[in-house]
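Here's the structure we're looking at; comments come further down.
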Amino acid sequence: GESVGLHLPTLSVQEGDNSIINCAYSNSASDYFIWYKQESGKGPQFIIDIRSNMDKRQGQRVTVLLNKTVKHLSLQIAATQPGDSAVYFCAESGKTNAGKSTFGDGTTLTVKP
Amino acid sequence: DGGITQSPKYLFRKEGQNVTLSCEQNLNHDAMYWYRQDPGQGLRLIYYSQIVNDFQKGDIAEGYSVSREKKESFPLTVTSAQKNPTAFYLCASSTISSGANVLTFGAGSRLTVL
Chain A
48 GESVGLHLPT LSVQEGDNSI INCAYSNSAS DYFIWYKQES GKGPQFIIDI
98 RSNMDKRQGQ RVTVLLNKTV KHLSLQIAAT QPGDSAVYFC AESGKTNAGK
148 STFGDGTTLT VKP
Chain B
-10 DGGITQSPKY LFRKEGQNVT LSCEQNLNHD AMYWYRQDPG QGLRLIYYSQ
40 IVNDFQKGDI AEGYSVSREK KESFPLTVTS AQKNPTAFYL CASSTISSGA
90 NVLTFGAGSR LTVL
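Read top to bottom, the protein sequences are chains A and B.
According to this note's numbering, the stretch in the first sequence is residues 48 to 160, in order.
According to this note's numbering, the stretch in the second sequence is residues -10 to 103, in order.
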């Protein structure tokens, strides 16, 4: 079956450093990949998405890279701030999944001052 | 403000009782979803609905029921048949398009079985 998984459950970085959160997926027919951020006690919030025909997409302080050869995507956060501390999920979605989204287990990012 | 409202935020239930979690959205989204989240784990899909009066089972539907009588509302009932109901429940909605299925989530409801 389909699966989406993250390489590391936790990541700790120093404030101001760059963060890289990784994710592996199994469904090569996925149309889109989406990153969400979940702060403690809240619902996940959309960060950025990337279509499967792209390799890279940039947002404000975030970049997502997609490597279809090894079925891997990453979320890079530049100049990490304390407010970036949260759980980050990758998800795959699209027409091939009847509109549903499959989520990975999440990586907890802790930013040390 | 447009968004999704879940209630109650916290709920305690005795074993053998059914409970219903409310989810209302004013985003005019066609699709609505219920996910379950356990500590340290990802989100698992319980039920979803892409149109009024229709819904489909997700990956872990056993012990749960839903209804979709109105576009804005998608309540989830956790029945006594659910063996381990203590969890954080998240409702979400989205438009149905050919693009990315970006979900808008509510703040969640935390259910504890005593």
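No residue lacks a Cβ here, since even glycine has one placed at the ideal position from N, Cα and C.
For this session: Ignore the nearest five residues each way along the sequence and tell me which others in Y20(A)'s own chain have a CB closer than 6 Å to its CB.
Result: Given a span of 48 to 160 for chain A in the structure shown, any question on residue 20(A) remains unanswerable.
Exercise. Got a sec: is the Cβ-Cβ distance from N42(B) to anything in chain A below 9 Å?
Worked result: Within the second sequence, the letter at position 53 stands for residue 42(B). Answer no: the Cβ-Cβ gap between N42(B) and chain A never drops below 9 Å.
Exercise. Which residue comes first and which comes last in the beta strand (DSSP E) that contains Q45(B)?
Worked result: Locating residue 45(B) in the second sequence gives position 56, counting from the first residue. From DSSP, the beta strand (DSSP E) with Q45(B) extends over 43 to 46.
Problem set entry | At least three beta-carbon pairs within less than 8 Å, the stretch 17 to 28 of chain B to the stretch 98 to 118 of chain A | no
Problem set entry | Exposure of Q85(A), with buried meaning 16 or more beta-carbon neighbours within 10 Å | For the purposes of this step, residue 85(A) is taken as the residue at position 38 of the first sequence. By the 10 Å Cβ count, Q85(A) comes out buried.
Problem set entry | Helix, strand or coil at D131(A) [DSSP, three-state] | Indexing the first sequence from 1 puts residue 131(A) at position 84. If DSSP states are grouped into helix, strand and coil, D131(A) belongs with the helices.
Exercise. Are the C-beta of G153(A) and some C-beta of chain B separated by less than 9 Å?
Worked result: The sequence position of residue 153(A) within the first sequence is 106, counting from 1. Chain B, which has a Cβ nearer than 9 Å to the Cβ of G153(A), makes this yes.
Exercise. Below 9 Å between beta carbons: does that hold for G31(B) and D152(A)?
Worked result: One-based indexing of the second sequence puts residue 31(B) at position 42. One-based indexing of the first sequence puts residue 152(A) at position 105. Cβ distance < 9 Å, so G31(B) and D152(A) count as in contact.
Exercise. Any idea if F44(B) is buried or exposed, counting beta-carbon neighbours within 10 angstroms, 16 or more meaning buried?
Worked result: Within the second sequence, the letter at position 55 stands for residue 44(B). Counting Cβ neighbours within 10 Å, F44(B) comes out buried, since at least 16 surround it.
Problem set entry | Option nearest P91(A) by Cα separation, candidates T101(B), Q71(B), G97(B) | In the first sequence, the residue the question calls residue 91(A) occupies position 44. The residue with the shortest Cα to Cα distance from P91(A) is G97(B).
Exercise. Roughly how many whole angstroms lie between the Cα atoms of L156(A) and P129(A)?
Worked result: Residue 156(A) sits at position 109 when you count from the first residue of the first sequence. Residue 129(A) sits at position 82 when you count from the first residue of the first sequence. Going by the C-alpha atoms only, they are around 10 Å apart.
Exercise. Contact check, Q71(B) vs Y53(B) under 8 Å by CB: the rounded distance?
Worked result: The sequence position of residue 71(B) within the second sequence is 82, counting from 1. The sequence position of residue 53(B) within the second sequence is 64, counting from 1. Sure, about 6 Å apart at Cβ, within 8 Å.
Exercise. For S69(B), which residues from the same chain have a beta carbon less than 7 Å from its beta carbon, with the 5 sequence-adjacent residues on both sides left out?
Worked result: Reading the second sequence from its first residue, position 80 is the one you call residue 69(B). Closer than 7 Å at the Cβ level, and outside the excluded window around S69(B), lie G5, Q6, N7.
Exercise. Can you check whether the CB of T93(B) is closer than 9 Å to the CB of F93(A)?
Worked result: Position 46 of the first sequence holds residue 93(A). Position 104 of the second sequence holds residue 93(B). Cβ distance < 9 Å, so F93(A) and T93(B) count as in contact.
Problem set entry | Between the CA atoms of M101(A) and N69(A) - distance to the nearest angstrom | Position 22 of the first sequence holds residue 69(A). Position 54 of the first sequence holds residue 101(A). Each residue's Cα considered, the two are about 17 Å apart.
Problem set entry | Any chain A beta carbon closer than 9 Å to V91(B) | If you number the second sequence from 1, residue 91(B) lands on position 102. Taking Cβ atoms only, chain A reaches closer than 9 Å to V91(B), which makes this a yes.
Exercise. Can S222(A) and A133(A) be called in contact, C-beta distance under 9 Å?
Worked result: Absent from the structure is residue 222(A), since the part of chain A shown begins at 48 and ends at 160.
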